[in-house]
């Protein structure tokens, strides 16, 4: 019985939260790419802020989980952090370029 | 080495060998991973590695476009680079194209990957109305402009191509000391042939240099001066130092009350704005040359000349009803004229 | 499939190597898992000539990373380790004086780097050159570590022999 539980625990290299964080990041990034490719400013806000923030949170949880590789969690945090920062910088720059009142 | 020591060393070596040998021989009794555990390790390892490879590759691929977009925006945004470029494009039009204005508020900039398109419409005043003259699209690769793509809405199409002869073909105003390549009587014939109920623009060349303020005095009352061609020292020869042809530069004669026009007459007269624009174009001469399609603007030399000698006019674009324009034939200060765009009556 | 067979062939060697370093069955197993994960990650990109030495290198790095991550917990691990060796190992059926465990015991009196050198060269039969590359040290440095390690081990073996003789 105890042996079974141990086995399950051991057979995971990456944390589940880190994995989910990474997946969320990829999803949001894909939507962002589509938005850039069709040149729309109308990217659903869900993919710009709430979802990446959830991803960052899950990534951080993944980081503090002990004795697992933190690779996926780092990727998740990286991508999910990048998206809102990217969007805010872009907004700021678009505002200054060829500004019209 | 003493004799005693050597056998001792040999003994140690043998002892160590035996010790290691025994360990290696007994190794099968030592802790091992079962066949099942091994399979599981391989399975999980390869699966996770595959997942990681796929996901990381995907992430890198998906980061390419956002990162390049971000770099492009940073490039154009930092230091107001794009804004300067847009400014230069608009102001180049004002000083190199006679009787052409644009709506500053309607200038559009589209930023792509490492490139920007500046798009805007230009207008010509004929009679008392502004007509759409051209739709212009200037492509910048980073800060390198390409020749603008223009769609013309004018009756008289601008000369096509970029050659020296082509530039000369389009020129309609000449310095008093320069030879005029066309027949002025043709212009009077054209005006005589036009019905009274039409309006037109006329390009006038004067027989001597004039102060901008003195022009009104000899022009018919119902005409409006649109653009003034300024003597910059090169117009008599029409060549720059290297022998490359130059074309007229000048500035709008009227104040444009639109807030965003540089010639809005609020803080500066049009003459002062003209000199400021020359200073701006001096710093961005290559862009200005490509945008105007003029091979040589020679801005620095011409600006200095104008600053030293003051602004003197050798030509002007006027617009008004045909009967008024016919009166220009009698004005002795005008030595050459050419008729530009013609529209139906639009005066009140 | 071929790659799998190669991996399986060396898996127990790696496991024993990591076991002698960590002295904990679970940690060793986790590290084997980690090492093979890393092996799979990189092998897609490279042609590896000497797969055995390369696998040991991966395992060595997995262990070093593990050690770095768990610096704080090492103390408690060491207290547990004796118990772990006798009781906690699922394969605890083995004989009390099993020679591999004896070696692990003996290795305790060696410095970390000497232990590595002995384990890689003498137990796992890697060449000096390969071991030096794995540990990222000069060949001469490795040789001096290994001779010092051997000397210490021989001392231990002698001591034990004397003890046995006296007992007998």
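Residue numbers (full-length UniProt numbering), protein chains in the order written: chain A, 1 to 101; chain B, 1 to 348; chain C, 1 to 168.
From the three backbone atoms N, C-alpha and C, an ideal C-beta is built for every residue, glycine too.
Remember, it's a predicted structure, so these values are computed and weren't measured experimentally.
Partner residues on chain A for residue i, Cβ-Cβ distance less than 8 angstroms
i              : result
residue 109(B) : 97 and 98
7 angstroms Cβ cut-off: residues of chain B touching residue i
i              : result
residue 33(C)  : 41, 44 and 45
residue 80(A)  : By Cβ distance, chain B contributes nothing, its closest Cβ being about 11 angstroms from residue 80(A), past 7 angstroms.
residue 89(A)  : 70
residue 16(A)  : The contacting residues do not exist; residue 16(A) stays about 12 angstroms from chain B at best.
residue 22(C)  : Within 7 angstroms Cβ-Cβ: nothing; residue 22(C) doesn't reach chain B, min ~12 angstroms.
residue 103(C) : 23
residue 52(C)  : What residue 52(C) touches in chain B: nothing, since even the nearest Cβ is about 15 angstroms away.
residue 19(C)  : 31
Residue j beta carbon less than 7 angstroms from that of residue i
i              : j              : result
residue 49(B)  : residue 15(C)  : no
residue 145(C) : residue 104(C) : no
residue 290(B) : residue 98(B)  : no
residue 147(B) : residue 136(B) : no
residue 173(B) : residue 340(B) : no
residue 306(B) : residue 247(B) : no
residue 77(B)  : residue 96(A)  : yes
residue 101(B) : residue 346(B) : no
residue 206(B) : residue 333(B) : yes
residue 337(B) : residue 187(B) : yes
residue 318(B) : residue 249(B) : no
residue 299(B) : residue 285(B) : yes
residue 131(C) : residue 139(C) : no
residue 26(A)  : residue 58(B)  : yes
residue 288(B) : residue 92(B)  : yes
Residue i Cβ short of 6 angstroms to the ligand NAP heavy atom set
i              : result
residue 274(B) : Absence of the ligand NAP is noted for the structure shown, with no ligands found whatsoever.
Cβ neighbours of residue i in the same chain (closer than 8 angstroms, five flanking residues each side left out)
i              : result
residue 135(C) : 60, 113, 116, 117, 120 and 142
residue 115(B) : 72, 139, 140, 141 and 142
residue 196(B) : 321, 322 and 323
residue 81(B)  : 75 and 143
residue 152(C) : 109, 110 and 114
residue 42(A)  : 35
residue 204(C) : Lying before the first or after the last residue shown, residue 204(C) is absent from chain C, which here runs from 1 to 168.
Chain A residues whose Cβ lies nearer than 7 angstroms to that of residue i
i             : result
residue 77(B) : 93, 96 and 97
Cβ separation of residue i and residue j, assumed to be a contact under 8 angstroms, to the nearest whole Å
i              : j              : result
residue 105(B) : residue 260(B) : 5 angstroms
residue 20(A)  : residue 58(A)  : 5 angstroms
residue 33(B)  : residue 11(C)  : 6 angstroms
residue 98(C)  : residue 26(B)  : 7 angstroms
residue 41(B)  : residue 27(C)  : Contact flag wrong, Cβ pair sits at about 14 angstroms.
residue 312(B) : residue 236(B) : About 12 angstroms; that fails the 8 angstroms criterion.
residue 252(B) : residue 270(B) : 6 angstroms
residue 30(A)  : residue 52(A)  : In fact, because the Cβ distance is near 12 angstroms, the residues do not count as touching under 8 angstroms.
residue 244(B) : residue 296(B) : 4 angstroms
residue 83(A)  : residue 32(A)  : 6 angstroms
residue 107(B) : residue 200(B) : The pair is not a contact, with the Cβ atoms about 29 angstroms apart (cut-off 8 angstroms).
residue 54(B)  : residue 89(B)  : With 8 angstroms as the limit, residue 54(B) and residue 89(B) do not qualify as a contact, their Cβ atoms being about 46 angstroms apart.
residue 223(B) : residue 325(B) : 7 angstroms
Under 8 angstroms by beta carbon: chain B residues contacting residue i
i              : result
residue 13(A)  : 44, 45 and 48
residue 143(C) : None at all; the shortest Cβ gap to chain B is about 15 angstroms.
7 angstroms Cβ shell around residue i - same chain, five flanking residues per side excluded
i              : result
residue 96(C)  : Because residue 96(C) carries a pLDDT of 46, less than 50, the predicted location of this residue cannot be relied on, and no value is offered for it.
residue 18(A)  : 59, 62, 70, 72, 73 and 76
residue 156(C) : 106 and 109
residue 228(B) : 212, 250, 251, 253, 313 and 316
residue 272(B) : none
residue 132(B) : 121, 123 and 153
residue 190(B) : 339
Amino acids of chain B, ordered along the chain, whose beta-carbon sits closer than 9 angstroms to that of residue i
i             : result
residue 26(A) : 55, 58, 59 and 62
residue 16(C) : 27, 30, 31 and 32
Cut-off 6 angstroms between Cβ atoms - residues of its own chain near residue i, not counting five sequence neighbours on either side
i              : result
residue 149(B) : 137
residue 210(B) : 313
residue 158(C) : none
residue 3(A)   : Unreliable positioning characterises residue 3(A) in this predicted model, as indicated by a pLDDT of 42, which lies under 50. The coordinate reading is nonetheless provided below. Cβ neighbours of residue 3(A) beyond the five flanking positions: none.
residue 56(C)  : 134
Could you run through the segment 106–128 of chain C and flag, in chain order, every residue whose CB is less than 8 angstroms away from some CB of chain B?
122 and 123
Chain C contacts from the UniProt domain "Sigma factor regulator N-terminal" (41–130) of chain B (Cβ-Cβ distance under 8 angstroms):
Answer in chain order: 41, 42, 44, 45, 46, 48, 49, 50, 52 and 53.
Taking a Cβ distance cut-off of 8 angstroms, strictly less, list which residues of the segment 148–162 of chain C are near chain B, in chain order.
150, 151, 153, 154, 157 and 158
In chain order, what residues of the segment 57–75 of chain A put their CB closer than 8 angstroms to some CB of chain B?
71, 72 and 75
The segment 33–59 of chain A: positions lying closer than 9 angstroms to chain B by Cβ
33, 36, 37 and 39
Contact set between the segment 6–18 of chain B and chain C, restricted to residues whose Cβ is under 8 angstroms from the partner
12, 15 and 16
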